[in-house]
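Its first residue numbered 36, the sequence shown is counted upward by one per residue in my numbering.
Note that beta-carbon positions come from the ideal geometry of N, C-alpha and C, so glycine has one too.
What follows is a short report on a single structure.
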Amino acid sequence: WLAEHAVDQRLRHIPVEAKRGIIFDRNGKELAVSVSTESLYAIPAQIADADQTAAKLAAILPLDRNLLVQKLKRRQAFIWLDRKIDDAAAREIKKLNLPGIGLTQENRRHYPYENLASHVLGFTGIDSQGLDGIELTFDNYLRGRPGGIVVENDARGREIPYSSPRYLAPVEGNHVYLTIDIVIQQIVERELEEAMKNTQAKGGSILVMDPQTGELLAMASRPDYDPNRFAT
Numbered sequence: 036w037l038a039e040h041a042v043d044q045r046l047r048h049i050p051v052e053a054k055r056g057i058i059f060d061r062n063g064k065e066l067a068v069s070v071s072t073e074s075l076y077a078i079p080a081q082i083a084d085a086d087q088t089a090a091k092l093a094a095i096l097p098l099d100r101n102l103l104v105q106k107l108k109r110r111q112a113f114i115w116l117d118r119k120i121d122d123a124a125a126r127e128i129k130k131l132n133l134p135g136i137g138l139t140q141e142n143r144r145h146y147p148y149e150n151l152a153s154h155v156l157g158f159t160g161i162d163s164q165g166l167d168g169i170e171l172t173f174d175n176y177l178r179g180r181p182g183g184i185v186v187e188n189d190a191r192g193r194e195i196p197y198s199s200p201r202y203l204a205p206v207e208g209n210h211v212y213l214t215i216d217i218v219i220q221q222i223v224e225r226e227l228e229e230a231m232k233n234t235q236a237k238g239g240s241i242l243v244m245d246p247q248t249g250e251l252l253a254m255a256s257r258p259d260y261d262p263n264r265f266a267t
């Protein structure tokens, strides 16, 4: 029991997100993909000057300096500071080489056709978890298994010199193929848009099915949204 607790206190786990599976149409066209990005984290015990560190980070990222200082002074082993930041900001932070500040790879979901089939595909949250549509229904297949980097720290939370960090590789998610045909989907959405203009309807839906198999070739609804910016 003591040995297990000693290990828990000594080891720190930095998560590495698994790459989410791709959603394809029936002909292999990519409808939802994952793009690599980086997230910013802190190990507060390794930060000597929280105020100076916060000032340097706030100069690069749109984060409140005072809030950053509060986070950096917390008595926590690991804390997220900003998730899925842009590449330019990540490069600037790496150049600073700040003690106790690190970047780990995550994935941002991207929908190349924007609004097209948005109600079918759904969207994902900040932790790449499915929140609606196919993304939610097949979340267990798409999400994969996360990995991590395990580092060894001393009693004050500082990384032990010459210790060997262990890398636990994430397992990528499975791909999902839909019966939707993206070409038919584009035609259907164009016709639905035209029909709504002509009738001044507030909403509408069209479903296209193969009567021989029951497969859905297109599903469109209005009003719609862009799953790349679902929060707005």
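Out of Gly-56, Gly-182 and Ala-123, the CA that lies nearest to the CA of Leu-96 is found in Ala-123.
Three or more Cβ pairs drawn from the region 65-74 and the region 140-150 lie within less than 8 Å of each other, which places the two stretches in contact. The bridge partners DSSP lists for Glu-141 are Thr-72.
As a beta-bridge residue in DSSP terms, Met-244 pairs with Leu-251. At a cut-off of 4 residues, the continuous stretches assigned as alpha helix (DSSP H) that sit fully inside the region 47-114 are 85-93 and 100-107. When only Cα atoms are considered, Phe-158 and Ala-38 end up about 43 Å apart. Going by beta carbons, Gln-140 and Ser-74 fall inside the 9 Å limit. For the 9 Å CB-CB criterion, Val-206 and Arg-180 form a contact. According to the DSSP assignment, Leu-166 belongs to the beta strand (DSSP E) that extends over 165-167. Separation of the CB atoms of Arg-257 and Leu-177 is rounded to 26 Å, and the pair is thereby denied contact status at 8 Å. In the three-state reduction of the DSSP assignment, Lys-237 falls in the coil class. Put simply, of Ile-49, Ile-241 and Leu-131 the residue whose alpha carbon is nearest the alpha carbon of Gln-111 is Ile-49.
Here the C-alpha atom of Leu-213 lies approximately 5 Å from the C-alpha atom of Arg-61.
In this structure Leu-252 touches Ile-215 by the C-beta definition: roughly 7 Å separates them, less than 8 Å. Sorting Ile-222, Glu-170 and Thr-72 by C-alpha distance to the C-alpha of Met-254 places Ile-222 at the top.
Around the CB of Arg-126, fewer than 16 other CB atoms lie within 10 Å, so the residue is classed as exposed. In its chain, beyond the 5 residues on either side, Val-104 have a beta carbon closer than 8 Å to the beta carbon of Asp-86. For Asn-188, the closest C-alpha among the options Gly-239, Val-70, Pro-79 and Ile-57 is that of Pro-79. The beta carbons of Pro-262 and Leu-171 sit no closer together than 9 Å.
Taking a 10 Å sphere around the C-beta of Asp-162, we find fewer than 16 other C-beta atoms and assign the residue as exposed. Cβ-Cβ separation between Ala-89 and Ile-114: approximately 13 Å, too far for a contact (criterion under 8 Å). Here DSSP, grouped into helix, strand and coil, assigns Ile-161 to coil.
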